[in-house]
Amino acid sequence: MTHPAAPPNPDALDTPSLDPEDWGALRDLGRRMVDDMVEWMSTQRERPLHNPVPAEVAAGFEAPLPRTGEGAEEVYGAFRREVLPYPHGNTHPRFWGWVVGSGTPMGMLADMLAAGMNSNSGFGDQAVVHVERQVLRWLREAVGFPLEGGGILTSGCSVANLSGLTVARNHRAGRDVRNRGVASGSGALRVYGSSETHSSVHRACEILGIGRESLREVPVDDGHRISIAALRERIARDRAEGDVPFALVANAGTVNIGAFDDLEAMADVAEAEGLWLHVDGAFGALVALSQDLRAMVRGLERADSVAFDLHKWLHVPYDAGCVLFRDKGLQTETFRMSGAYLQKFESRLATGPDNLMDMGLQMSRGFRALKAWMMMRHYGFDRLAEGIERNVEQARYLAAKIDATPHLERMAEVPLNIVNFRYRPDTWDSDDPGLDELNRNLLASLHQSGVAAPSYTTLDGHFVLRVAITNHRSRTEDFDTLIDWLVEEAPRHTVTAIR
Ligand SMILES: *Cc1c(COP(=O)(O)O)cnc(C)c1O
Numbered sequence: 116m117t118h119p120a121a122p123p124n125p126d127a128l129d130t131p132s133l134d135p136e137d138w139g140a141l142r143d144l145g146r147r148m149v150d151d152m153v154e155w156m157s158t159q160r161e162r163p164l165h166n167p168v169p170a171e172v173a174a175g176f177e178a179p180l181p182r183t184g185e186g187a188e189e190v191y192g193a194f195r196r197e198v199l200p201y202p203h204g205n206t207h208p209r210f211w212g213w214v215v216g217s218g219t220p221m222g223m224l225a226d227m228l229a230a231g232m233n234s235n236s237g238f239g240d241q242a243v244v245h246v247e248r249q250v251l252r253w254l255r256e257a258v259g260f261p262l263e264g265g266g267i268l269t270s271g272c273s274v275a276n277l278s279g280l281t282v283a284r285n286h287r288a289g290r291d292v293r294n295r296g297v298a299s300g301s302g303a304l305r306v307y308g309s310s311e312t313h314s315s316v317h318r319a320c321e322i323l324g325i326g327r328e329s330l331r332e333v334p335v336d337d338g339h340r341i342s343i344a345a346l347r348e349r350i351a352r353d354r355a356e357g358d359v360p361f362a363l364v365a366n367a368g369t370v371n372i373g374a375f376d377d378l379e380a381m382a383d384v385a386e387a388e389g390l391w392l393h394v395d396g397a398f399g400a401l402v403a404l405s406q407d408l409r410a411m412v413r414g415l416e417r418a419d420s421v422a423f424d425l426h427k428w429l430h431v432p433y434d435a436g437c438v439l440f441r442d443k444g445l446q447t448e449t450f451r452m453s454g455a456y457l458q459k460f461e462s463r464l465a466t467g468p469d470n471l472m473d474m475g476l477q478m479s480r481g482f483r484a485l486k487a488w489m490m491m492r493h494y495g496f497d498r499l500a501e502g503i504e505r506n507v508e509q510a511r512y513l514a515a516k517i518d519a520t521p522h523l524e525r526m527a528e529v530p531l532n533i534v535n536f537r538y539r540p541d542t543w544d545s546d547d548p549g550l551d552e553l554n555r556n557l558l559a560s561l562h563q564s565g566v567a568a569p570s571y572t573t574l575d576g577h578f579v580l581r582v583a584i585t586n587h588r589s590r591t592e593d594f595d596t597l598i599d600w601l602v603e604e605a606p607r608h609t610v611t612a613i614r
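The end of the sequence shown is residue 614 by this note's numbering, with every number in the run present.
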C-alpha cells in the first residue's frame, strides 16, 4: 500500500514564527499594559459608569481583513482608544444591573498567566488538571457536596445547567439516549421547575431535543417559591397522560427577586418520584459559604447536580461557571469521548488524574481554573463569603431607604441581594398604565447619566427597576447616591410623562 505525499516547498519552510524578534520591546510593552490596567482598575470610581460606543468607533470595527500586520504598539494603542473606554460598566461600584460580577485584579493577572501557559486542560499529566480538580473539590466542600463527587468548570451557568440536565436526561429518561436518541423510548420527557426558572433552562431543554414545552412551569407562592403541591399535582397529571418525568430544577436565587425554592421539599419530591434534582444556583448557591445565610440552601446537599457561576458572586473574571455532580461516574458515562486518537495510552503525556474532556461538553479547553484557584487562595473563602454577606446587608439597607423615601415604591420582598422598586408619585394610581413608561424613561436617564446602573424586570405586570447587588466595590454611600439622584431627577420625569 502506498501513501502518496506532495514534496515540500523550500520557500515555505522555516518562515518566521509568531514570536517577537525583539523580546525586550515586548517585555516593556507588557509592563506598560500591567501598569495601565492597574491604573484603570484602581480609578473606576472616578469615571462615569458607561460611555456609549461612538458611531465612528463602531465604524472602525468594520475594517477589512488585515492581510499584513501592525506593530504591537499600534495594536495596543487601538485597544486603549477604541475598546477600553467603552465597557459595559460592570466593574464600576454602582453597577447593579442583571446579575454581573465585578472581577478582581488577582483574577486579571491570573488570566494573563493562564494565557501564557496556553494549556489545553482536556487531559494529560499536567498540573493544570490538578488545579481544576482542586478548585472543584473546594467548591464541593464550600457548598456541602460529597468531596468525592464530580464536576467541571464551564463557561457559565447556562452551560452548567445544560450539562446537569444532560446527565439527568441520559440517566433518568428510561431509554438509551446516547446511542438511540431521545425519541427512542415511549412517552414525552418532562422537566419541572417554577415559573421563575431562568431562561437558560428553557434553552437547555431545546438543545436537549425535548423542547421547551417539556419544561413544566409550576406556579409559585407569594414568595416566588415553587408550590410543592402544584408540583406534585403536575407530575401526577403528566404521568397519567403517559409522559415521562425525569428531572426537577430547583431555584436557589431566582433571577427576578432572589427567591429560594424549598430545596428539602424538592429533594423529597425527587426521591419519592425517582427524579433527578438539579439546582440552578447561579448566584444563590454561594450563600452556602456564609454561616448566616447558609440556611437558605438547606437541602442543597441532597441534589444530584448543582450549577452556579464563579463570574457572578465570586468575581472570577469572565467567563467561569461550574456544575457539580453527586456521582462522578454518571457524569463521565454521559460525556466520555470515543475516538481512537483519545484512548488511554500509558505514557507520561497521555495519562493524568482526570480526563476533563470526558467530563463535560468541551474537548479542548483552556486553563479557566487558574484564575479561580489563585483568587480562592489569595482572598480565602471567608473573605469571599464576607463580600456576599455585605451585599445582602446592602440590599436590606437600600430596601429600607426606598421604604423611607416618598414616591418610591418597593415592588417585592428582598430575600437576598435583589431590590425591585419603582417611582410612583402620590397622585398616580398604582395601576396607572403610564407608570411603566415613566419608569422606563427614568431608568434610561439614569443609565445615560452614568451615575448608577440598575436593570429592570416585570413583576405582576409592572415595569420595575431592579438592583441586583453582586459587587464587591459597592459601598453604602453608593446606594445613597442612587436614591439622591432619583429624588432629584424623578420629579422632572413626571412632568414629561404627563405632558
Ligand atoms: C445568570 C444566570 C444564569 C445563566 O448563567 P450564565 O453564566 O449567564 O450563563 C442561570 N440562572 C440564573 C438564576 C442566573 O442568574
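Think of the CB as a built atom: it goes at the ideal place given N, C-alpha and C, for glycine as much as any other residue.
Checklist line | Coil, strand or helix - glycine 444 by DSSP | finding: Against the sequence shown, residue 444 aligns to sequence position 329. It is helical.
Notebook entry, point to check: For the beta strand (DSSP E) that asparagine 366 lies in, which residues bound it at each end?
Noted result: For this step, residue 366 is matched to residue 251 along the sequence shown. Per DSSP, asparagine 366 is one residue of the beta strand (DSSP E) stretching across 359-366.
Check: Hey, would you say glutamate 604 sits closer than 8 Å to serine 560, going by beta carbons?
Finding: By 1-based counting over the sequence shown, the position of residue 604 is 489. By 1-based counting over the sequence shown, the position of residue 560 is 445. In this structure, serine 560 lies closer than 8 Å to glutamate 604 by Cβ.
Item checked: valine 274 vs alanine 487 beta-carbon contact at 8 Å -> Walking along the sequence shown from the start, residue 274 turns up at place 159. Walking along the sequence shown from the start, residue 487 turns up at place 372. Against a cut-off of 8 Å, the Cβ pair of alanine 487 and valine 274 comes out as no contact.
Notebook entry, point to check: Hey, is methionine 490's beta-carbon within less than 8 Å of any beta-carbon in chain C?
Noted result: Looking at the structure shown, chain C is missing, and only one protein chain is on hand.
Notebook entry, point to check: Which term fits histidine 587, buried or exposed, when burial requires 16 or more other beta carbons within 10 angstroms of its beta carbon?
Noted result: Within the sequence shown, the letter at position 472 stands for residue 587. It counts as buried.
Next item on the list: Have a look at Val149, Asn371, Thr449, Gly239 and flag the residue whose alpha-carbon is nearest the alpha-carbon of glycine 576.
Entry: Counted from its first residue, the sequence shown places residue 576 at position 461. The option with the nearest alpha carbon to glycine 576 is Asn371.
Notebook entry, point to check: Under a three-way DSSP split, which group does isoleucine 343 fall into?
Noted result: Counting from 1 along the sequence shown, the entry for residue 343 is found at position 228. Reduced to three states, the DSSP call for isoleucine 343 is helix.
Next item on the list: Output the distance between the C-alpha atoms of aspartate 336 and leucine 199, rounded to the nearest integer angstrom.
Entry: To locate residue 336, count along the sequence shown from 1; it is residue 221. To locate residue 199, count along the sequence shown from 1; it is residue 84. Looking at the two C-alpha atoms, the distance is approximately 44 Å.
Notebook entry, point to check: Taking all protein chains shown into account, do 16 or more other C-beta atoms lie within 10 angstroms of the C-beta of histidine 339, making it buried, or fewer, making it exposed?
Noted result: Within the sequence shown, numbered from 1, the residue matching residue 339 stands at position 224. Taking all protein chains in view, the Cβ of histidine 339 is crowded by 16 or more other Cβ atoms within 10 Å, so the residue is classified as buried.
Checklist line | Sequence-distant residues of the same chain with beta carbon closer than 8 Å to histidine 118, five excluded per side | finding: Against the sequence shown, residue 118 aligns to sequence position 3. Taken in chain order, the list of residues that qualify is empty.
Margin query: Taking only three categories from DSSP, how would you classify glutamate 461?
Written below: The sequence position of residue 461 within the sequence shown is 346, counting from 1. Reduced to three states, the DSSP call for glutamate 461 is coil.
Checklist line | Nearest to alanine 257 (by Cα), restricted to the options His608, Leu513, Leu553, Gly399 | finding: The sequence position of residue 257 within the sequence shown is 142, counting from 1. Residue nearest to alanine 257 within the set His608, Leu513, Leu553, Gly399 is Gly399 (criterion: CA-CA distance).
Next item on the list: Within the region 168-227, note down every full alpha helix (DSSP H) run reaching 4 residues or more, in order along the chain.
Entry: Annotation note: the region 168-227 contains the following uninterrupted alpha helix (DSSP H) runs of length 4 or greater, listed N- to C-terminal: 170-175, 187-193.
Next item on the list: Report all residues from its chain with a CB closer than 6 Å to the CB of arginine 614; omit the five preceding and five following residues, and keep chain order.
Entry: Residue mapping note: residue 614 aligns to position 499 of the sequence shown, counting from 1. With a pLDDT of 44 at arginine 614, under the threshold of 50, the modelled position of this residue cannot be trusted, and the question is left open.
Check: Roughly how far, in whole angstroms, is the beta-carbon of glutamate 332 from the beta-carbon of glycine 302, given that I think they are within contact range, below 8 Å?
Finding: The residue given as residue 332 occupies position 217 in the sequence shown. The residue given as residue 302 occupies position 187 in the sequence shown. No, glutamate 332 and glycine 302 are not in contact; Cβ-Cβ is about 20 Å, not under 8 Å.
Notebook entry, point to check: Which ranges would you report for the beta strand (DSSP E) in the region 234-318 if only whole runs of at least 3 residues count?
Noted result: With a minimum length of 3 residues, the continuous beta strand (DSSP E) runs that stay inside the region 234-318 are 265-269, 304-309.
Notebook entry, point to check: In this structure, does DSSP put arginine 614 in helix, strand or coil?
Noted result: Residue 614 sits at position 499 when you count from the first residue of the sequence shown. Because the pLDDT of arginine 614 is 44, which lies under 50, any placement of that residue in the model is unreliable, and the number read from its coordinates should be weighed accordingly. Correct three-state label for arginine 614: coil.
Next item on the list: Compare the Cα-Cα distances from arginine 463 to each of Asn233, Gly212, Ala229, Ala242 and report the closest residue.
Entry: On the sequence shown, position 348 is the one that residue 463 refers to. That would be Ala242, whose Cα lies nearest to the Cα of arginine 463.
Check: Is leucine 280 closer than 8 Å to leucine 346 when the C-beta atoms are compared?
Finding: Here residue 346 corresponds to residue number 231 of the sequence shown, with the count starting at 1. Here residue 280 corresponds to residue number 165 of the sequence shown, with the count starting at 1. Using a Cβ distance threshold of 8 Å, leucine 346 and leucine 280 do not count as a contacting pair.
Notebook entry, point to check: Got a sec: does ligand 1 put a non-hydrogen atom nearer than 7 Å to the Cβ of valine 153?
Noted result: Taking the first residue of the sequence shown as position 1, residue 153 is located at position 38. Not under cutoff, so the answer is no.
Next item on the list: Out of Leu601, Leu485, Glu328, point me to the one whose CA is closest to histidine 245's CA.
Entry: Within the sequence shown, the letter at position 130 stands for residue 245. Closest option to histidine 245, judged by alpha-carbon separation, among Leu601, Leu485, Glu328: Leu485.
Check: Exposed or buried, what is methionine 232 when buried is set at 16 or more other beta-carbons lying within 10 Å of its beta-carbon?
Finding: On the sequence shown, residue 232 is found 117 positions in, with the first residue counted as 1. For methionine 232, the number of other beta carbons within 10 angstroms of its own is below 16, and it is reported as exposed.
Check: So who's on the other strand from leucine 580, going by DSSP bridges?
Finding: In the sequence shown, residue 580 corresponds to position 465, counting from 1. BP columns for leucine 580 point to Phe536, Tyr571.
Notebook entry, point to check: Per DSSP, histidine 522 is paired with what?
Noted result: The residue you call residue 522 lines up with position 407 of the sequence shown. Answer is none; histidine 522 lacks a bridge partner.
Check: If you compare alpha carbons, which of His317, Ala174, Gly271 is closest to alanine 305?
Finding: The residue labelled residue 305 in the question sits at position 190 within the sequence shown. Here residue 305 turns out to be arginine, not alanine, going by the sequence shown. Considering only alpha carbons, the answer is His317.
Note to self: Distance check for aspartate 593 and histidine 522, CA to CA, integer angstroms please.
What the structure shows: Counting from one through the sequence shown, the residue named residue 522 turns up at place 407. Counting from one through the sequence shown, the residue named residue 593 turns up at place 478. About 20 Å.
Check: Would you say the beta carbon of histidine 313 comes nearer than 7 Å to a heavy atom of ligand 1?
Finding: Translated into the one-based positions of the sequence shown, residue 313 becomes position 198. The answer is yes for histidine 313.
Note to self: Between the alpha carbons of alanine 527 and valine 579, how many angstroms are there, rounded?
What the structure shows: The count along the sequence shown starts at 1 and reaches residue 527 at position 412. The count along the sequence shown starts at 1 and reaches residue 579 at position 464. Put simply, the backbone Cα of alanine 527 is about 10 Å away from that of valine 579.
Notebook entry, point to check: Who does asparagine 331 pair with in a DSSP beta bridge?
Noted result: To locate residue 331, count along the sequence shown from 1; it is residue 216. The displayed chain sequence assigns arginine, not asparagine, to residue 331. Partner(s): Tyr307.
Margin query: Just checking cysteine 272 against ligand 1 - is the residue's beta carbon closer than 7 Å to any of the ligand's heavy atoms?
Written below: Taking the sequence shown and counting its residues from 1, one reaches residue 272 at position 157. Annotation for cysteine 272 indicates a beta carbon within 7 Å of some heavy atom of ligand 1.
Notebook entry, point to check: glycine 139 to leucine 401, Cα distance in whole Å?
Noted result: Numbered from 1 along the sequence shown, position 24 holds the residue referred to as residue 139. Numbered from 1 along the sequence shown, position 286 holds the residue referred to as residue 401. C-alpha of glycine 139 to C-alpha of leucine 401: approximately 44 Å in a straight line.
Notebook entry, point to check: When the distance is taken between beta carbons, is valine 421 closer than 8 Å to glycine 375?
Noted result: On the sequence shown, residue 375 is found 260 positions in, with the first residue counted as 1. On the sequence shown, residue 421 is found 306 positions in, with the first residue counted as 1. The identity of residue 375 in the sequence shown is phenylalanine, whereas the question assumes glycine. Not in contact: phenylalanine 375 and valine 421 (Cβ atoms no closer than 8 Å).
Item checked: Residue environment, glutamate 386, which counts as buried when at least 16 other CB atoms sit within 10 Å -> Within the sequence shown, residue 386 is the residue found at index 271, counting from 1. Exposed, since its Cβ has fewer than 16 Cβ neighbours within 10 Å.
Check: So is arginine 607 buried or exposed if we call it buried at 16+ other beta carbons inside 10 Å?
Finding: For the purposes of this step, residue 607 is taken as the residue at position 492 of the sequence shown. Classification of arginine 607: exposed, given that the 10 Å Cβ count is below 16.
Checklist line | Where glycine 436 falls: helix, strand or coil (DSSP) | finding: Position 321 of the sequence shown, counting from 1, holds the residue named residue 436. In this structure, glycine 436 counts as strand in the three-state DSSP scheme.
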